[in-house]
Structures are given as C-alpha cells and as structure tokens.
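Below: the structure, in structure tokens.
Number of protein chains: 2
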Amino acid sequence: MTEHRRDIHNSDMPVLCQACEARHHGMCGSLTPEELTHLNKVASRREIKAGTALVADSEPVTHYSNILSGVVKLTKILADGRQQIVGLQFAPDFLGRPFKTSSDTNAESATTVRICTFPRKAVDRMIEESPNLEHRLLQQTLNELDEARGWMVTLGRKTAAEKVASFLYLIATHIDPESEGADGIVFELPLTRADIADFLGLTIETVSRQMTKLRKDGVIQIENNRHVTVPDMERLAHRAAV
Amino acid sequence: MTEHRRDIHNSDMPVLCQACEARHHGMCGSLTPEELTHLNKVASRREIKAGTALVADSEPVTHYSNILSGVVKLTKILADGRQQIVGLQFAPDFLGRPFKTSSDTNAESATTVRICTFPRKAVDRMIEESPNLEHRLLQQTLNELDEARGWMVTLGRKTAAEKVASFLYLIATHIDPESEGADGIVFELPLTRADIADFLGLTIETVSRQMTKLRKDGVIQIENNRHVTVPDMERLAHRAAV
DNA sequence: CTCACCCTTTGACAAGGATCAATGAGCCCG
DNA sequence: CGGGCTCATTGATCCTTGTCAAAGGGTGAG
Numbered sequence: 001m002t003e004h005r006r007d008i009h010n011s012d013m014p015v016l017c018q019a020c021e022a023r024h025h026g027m028c029g030s031l032t033p034e035e036l037t038h039l040n041k042v043a044s045r046r047e048i049k050a051g052t053a054l055v056a057d058s059e060p061v062t063h064y065s066n067i068l069s070g071v072v073k074l075t076k077i078l079a080d081g082r083q084q085i086v087g088l089q090f091a092p093d094f095l096g097r098p099f100k101t102s103s104d105t106n107a108e109s110a111t112t113v114r115i116c117t118f119p120r121k122a123v124d125r126m127i128e129e130s131p132n133l134e135h136r137l138l139q140q141t142l143n144e145l146d147e148a149r150g151w152m153v154t155l156g157r158k159t160a161a162e163k164v165a166s167f168l169y170l171i172a173t174h175i176d177p178e179s180e181g182a183d184g185i186v187f188e189l190p191l192t193r194a195d196i197a198d199f200l201g202l203t204i205e206t207v208s209r210q211m212t213k214l215r216k217d218g219v220i221q222i223e224n225n226r227h228v229t230v231p232d233m234e235r236l237a238h239r240a241a242v
Numbered sequence: 001m002t003e004h005r006r007d008i009h010n011s012d013m014p015v016l017c018q019a020c021e022a023r024h025h026g027m028c029g030s031l032t033p034e035e036l037t038h039l040n041k042v043a044s045r046r047e048i049k050a051g052t053a054l055v056a057d058s059e060p061v062t063h064y065s066n067i068l069s070g071v072v073k074l075t076k077i078l079a080d081g082r083q084q085i086v087g088l089q090f091a092p093d094f095l096g097r098p099f100k101t102s103s104d105t106n107a108e109s110a111t112t113v114r115i116c117t118f119p120r121k122a123v124d125r126m127i128e129e130s131p132n133l134e135h136r137l138l139q140q141t142l143n144e145l146d147e148a149r150g151w152m153v154t155l156g157r158k159t160a161a162e163k164v165a166s167f168l169y170l171i172a173t174h175i176d177p178e179s180e181g182a183d184g185i186v187f188e189l190p191l192t193r194a195d196i197a198d199f200l201g202l203t204i205e206t207v208s209r210q211m212t213k214l215r216k217d218g219v220i221q222i223e224n225n226r227h228v229t230v231p232d233m234e235r236l237a238h239r240a241a242v
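Line by line, the protein sequences are chains A and B.
End of the first sequence = 242 in full-length UniProt numbering, gap-free, step of one.
End of the second sequence = 242 in full-length UniProt numbering, gap-free, step of one.
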C-alpha cells in the first residue's frame, strides 16, 4: 500500500460510494470526486442471484460493472459443449472488456452477487480523459494476466489431487473468511462441484473423490457440501504444490 | 486498423526505427518523434541465439524489450521441476512486466531472436508521462489476457490430439509464413517437441505420436522435424476443435 | 570416417482420470 | 408426508495418456 490516493472529504462524494470497496481498492479509487459524482449519476446498483448470465457470449457489451460482493465466473465453451472456467472475479474487481464490443467469454454469477453497473460509453469516455483510471485498469489487467498464467500451470502440469487443493487454496486466499483464527480458516465454497470441475479441467466425480481424500486425510473439513474449514493453510498449500 | 497514428516524417525519427515493426504495430507506434528519439538513445539492439534466458525467475527486471523477430517463450516451473509454457511472444510484442520489479516467470528465446532493449527506468518514466504509451500497453495486455484465457480452454478441456492441432494452428496464424498459396501454408516450427509438450501440458512422446497421426492423416506434412506444410487450414482448425 | 550427442520416433506396459451406473442427502412443492 | 428435483458421493470398468525402454536420424568433433 505505497499508493498515494487523493485525500477526499467524504462530503464531496456520493453517499453510496463512501463505504464502497471499489472506491478503496478498486477502479473508483483512481477517480476525482467530480468524476466519481458524474459516474454515480449513471450508475445503478443491483443484486443478482446465483447462476445469472452477466455477459453473454458474442452479445454486444453495453455495460461495465464493479463487483461489490460475491463471485463471478468467466467461462468459455467449445462447439460441442465442453466448458472451461477461465477466471474467477471477486470484489472489488472490474468486470468488462474495454475496447472490444463483443467477447467470446461469458460472465455468470456463481453466488449471489452485488454489482455497480455503468453504461459502457460513460466509462469509455472517462478512460480517454483520465490517465489515472487507465493506469488503474492496466494494473488490474496485468494482475489478471499473472493470475491466468499461474492457473495455466495448474491446468497443464498438476495432478487432480493438486488441482483440487490449489482450488481450495485459491478460494481460501481470495474470499473474505467467515472466521479466521488459531483453529484455522472457515469459508463457504462459492462454486458447485460442477463449477469446480470446469475450473480445473476435471469431471465432477474426480473432484468429489479428491475432496473426500483431503477430508479423510484431515487437510480440510466439510459440512453441507459447501462449508469448508482449513485447519492448516501450510498443509493445504503443500498439497497444492504451490 | 481504424487507429489514427500521427503522420511522422521519416526524417524526424531515428533511422533504425524507420523500418522497425515495433513502430508500426508495436509499442513504439504510440510515441511522438521526440519520445522515439529519446528512447532510441538509450536503446540497444541485440541478436540472441535460441535457448538464452532473457528474464530469469525472481531476478530483478532491469530492462524491457521489443521483439523484432523470433519467438520468445514465457515459462513457469514448479518446485519439483515440472514446467509449463504460459505464453509465446512474437514480433512486435513488448516483453516485460511494468510496475513489478520481480516476476516468477522466465522468458527464454525459443529461436534466434532479435530484440530492442531499454533500461526499465527510462520506459517507466515514459509510461508516467505518456498516456498514449500506457494506452497501448493496456491494449496489448488485454490481448495477452484474452490469449491466455483462450489457451486455458485448450489446456483444461481438449484432448491430446486437439491440443497438438491447436498448437500448430496457433503457430501457423502467428508466424510469418515462409510461403503461402493455393497449396497451403509453409512455416518453420519455432519449438522443439519438448517445448511443445511444455506448452500443451503433455509429454514429448504424446506430442510425437499426435504429430505422426496428423501427418499420416494428411492434415500436415513434416520435413526435418521442423519444416511444416499445412495444405488446408480449415481442416487443421477442425482438428483443433476451434 | 566414425563416434558421440541430441532430438525424435516407436513400442510395450502401467496408471490416472473419465465414463457409466447406482445410491444418498437436502430441498421445494403439492 | 411423500414425490420429484438437484447436487454430491461412491463403485466398477475402460481408455487416454504417462512411463520406461530401445532405436533411428542428423550434426559436429576428432
């Protein structure tokens, strides 16, 4: 956190932005109070339930969004129906592909998701005028590229057991944990077994078997399919071959 | 190509840049004649033979480069030695990771490579001062992210046969072909079988077998291991499940 | 010319993960 | 309360790909 953010009086900015994560660590942190006010006028906040398409393959992209809470999965699909999740996005990530009106990637809410949406045009114009915003987008894009490349190692070179451990490790380090303490870290899995399989390039049966194995070995505990406890992150990391 | 580039008199710019691909389609196309002249003063052009490390894992990055010709592979390696190629870069791609001094990615020349190298600091300063340059970098980074995500589908969901066909298709569409005509497209493979295996998450034996199969099926012809002819790109694309 | 080395191909076999199939657990709705 | 969902687990078997081993072809050095 060596970054210098303008010191903004709360009174200068829209009320809804004051507590917003996107303003602190996301895209909006690079905006002036004026820009923020302007953007807020055309923004709308929405809550979306799990399994809803946010950006559909090959449809023109009319909006960008900031994720306020929840998890969004980016997927690609082959002609014969094989599917691959190519990225997971968490709050306060920016959702959208600047400079291209169509995308061959789908975006779908994996959990209940709250987003703050803007018309594409308003943001495109703002990008042109604000080098700070473009700088922020470049940084986020570079980080996403790093993550994508890191995941390529998992997909190409890890075993099924390592893949599942890697996935759990990824979630544990990206989601706000329900609780965190000496007895480990607890969180709710944002993805179904089918989603996990599509993220790891496996089948749901293999995912299930590997989860069972991690559970039996005491690396994780699972309740109700989704509720996961990791007593020892180091141990999980080791299983993930990180 | 709807992009508006400044109309530059050749006399205004360094001689060496006049015919350079990076100026036409690469990073340097976003620079003013003054910036180009300035950058040229601190730049040095080099020819590097195949198998040389350009950026070593966890070493501080002191230079950025433009690739003038040849192919560079970006690799990641697990603790036990398993390796994965996470990207291939062709002329006139920009090589380097702005805003981070160290990277856990290696860059190595796959073929003989000619590069134009600049000290990191000079470029970092120029990025700060030139929104055009940053804009260009954002565009390239977004494209690389798209490509990385596209490749994730190949790694996660395609069969060995489809992976090898996908690789050949990728090379055929990214490299300047030796010849191109009614009888197909001819090029030199920039990677060894071991590299191809590391790119596809396979073993060299599997790569070899799948190449043999494509050859026997008449989808490609191979001479001297490296010299490839693709008589019908459509047919190759079909095998790649694109 | 011949040896040594590297890269590649090919074969035989083993194994990791996919496929097919059945069962179980939770949940909504009548 | 029971039936019909969806999602997850578990088992049996199959097959694609990895592993181990041997040999071929090209190239450079002596």
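For each residue, glycine too, the CB sits at the ideal point set by N, CA and C.
All figures in this text were calculated on a predicted structure; none of them were measured in a lab.
Give a yes or no on whether 8 Å exceeds the smallest Cβ distance from residue i to chain B.
i        : result
A/GLY96  : no
A/ARG235 : no
A/ALA50  : no
A/GLY184 : no
A/GLU205 : no
A/PHE187 : no
A/PHE99  : yes
A/GLN210 : no
A/ALA19  : no
Quick one: list the residues of chain A neighbouring residue i, beta-carbon separation under 8 Å, in chain order.
i        : result
B/GLN84  : MET152, VAL153, GLY156, ARG157
B/GLU144 : LEU145
B/GLY201 : LEU155, GLY156, ARG157
Cβ closer than 7 Å: which chain A residues qualify as neighbours of residue i?
i        : result
B/ALA165 : Result: empty, since nearest Cβ-Cβ is about 13 Å, beyond 7 Å.
Closest Cβ-Cβ distance between residue i and chain A: below 8 Å?
i        : result
B/LEU88  : no
B/LYS41  : no
B/ALA240 : no
B/ARG193 : no
Below 6 Å CB to CB, which residues in the same chain sit around residue i once its five sequence neighbours on both sides are set aside?
i        : result
B/ILE204 : ARG193, ALA194, ALA197
B/GLY184 : THR229, VAL230, PRO231
B/LYS49  : THR112
A/ARG136 : MET27, SER30
A/GLN221 : THR229
B/THR13  : Checking the displayed sequence, the identity of residue 13 of chain B turns out to be Met instead of Thr. Hits under 6 Å: PRO33, LEU36.
B/LEU74  : VAL86, GLY87, THR105, ALA107
Quick one: Cα of residue i to Cα of residue j, how far?
i                      : j        : result
B/GLN139               : A/LEU189 : 34 Å
A/LEU168               : B/ASN106 : 26 Å
B/HIS4                 : B/HIS24  : In this prediction, B/HIS4 scores a pLDDT of 48, lower than 50, which makes its location untrustworthy; the coordinate-derived value is nonetheless stated afterwards. Taking the straight line joining both Cα atoms gives about 12 Å.
B/GLU59                : B/ILE77  : 14 Å
A/ALA172               : A/SER179 : 11 Å
B/ALA79                : B/LEU133 : 37 Å
B/GLU147               : B/LEU170 : 10 Å
B/MET233               : B/ARG239 : 10 Å
B/ASN143               : A/THR112 : 30 Å
B/SER103               : B/THR62  : 12 Å
B/THR154               : A/VAL15  : 45 Å
B/ALA182               : A/PRO177 : 60 Å
A/LEU202               : B/GLY156 : 8 Å
residue 301 of chain B : A/ALA22  : Examination of residue 301 of chain B is not possible in this model, given that chain B is present from 1 through 242 alone.
A/HIS227               : A/ARG120 : 37 Å
B/GLU129               : B/GLN83  : 38 Å
B/LYS213               : A/LEU145 : 34 Å
A/GLY81                : B/GLY87  : 25 Å
A/VAL164               : A/ARG215 : 12 Å
B/GLU47                : B/PRO92  : 15 Å
For a contact meaning CB atoms closer than 7 Å, what does residue i contact in chain B?
i        : result
A/THR105 : ARG149
Should residue i be listed as close to the ligand GTP, given that the test is whether its C-beta is under 7 Å from any heavy atom?
i        : result
A/GLY218 : This structure lacks the ligand GTP, and indeed carries no ligand of any kind.
Leaving out five residues before and five after residue i in sequence, what residues of the same chain have Cβ atoms less than 8 Å from its Cβ?
i       : result
B/LEU95 : LEU54, VAL55, TYR64, SER65, ASN66, ILE67, VAL72, GLN89, ALA107, ILE115
A/PRO98 : TYR64, VAL123, ASP124, ILE127, LEU137
B/LEU39 : CYS28, LEU31, PHE118, ALA122, VAL123, MET126
Once the 5 residues before and after residue i are set aside, which same chain residues still bring their CB inside 7 Å of it?
i        : result
B/ALA241 : LYS158, GLU162
B/THR101 : PRO60, VAL61
Practice item. Using a Cβ-Cβ cut-off of less than 8 Å, list which residues of the stretch 121–141 of chain B approach chain A; keep chain order. Key: PRO131, GLU134, HIS135, LEU137, LEU138, GLN139, THR141
Exercise for review: Check distances from the C-beta atoms of the stretch 52–82 of chain B to those of chain A and list, in chain order, the residues that come in under 9 Å.
Suggested key: LEU74, LYS76, ILE77, LEU78, ALA79, ASP80, ARG82
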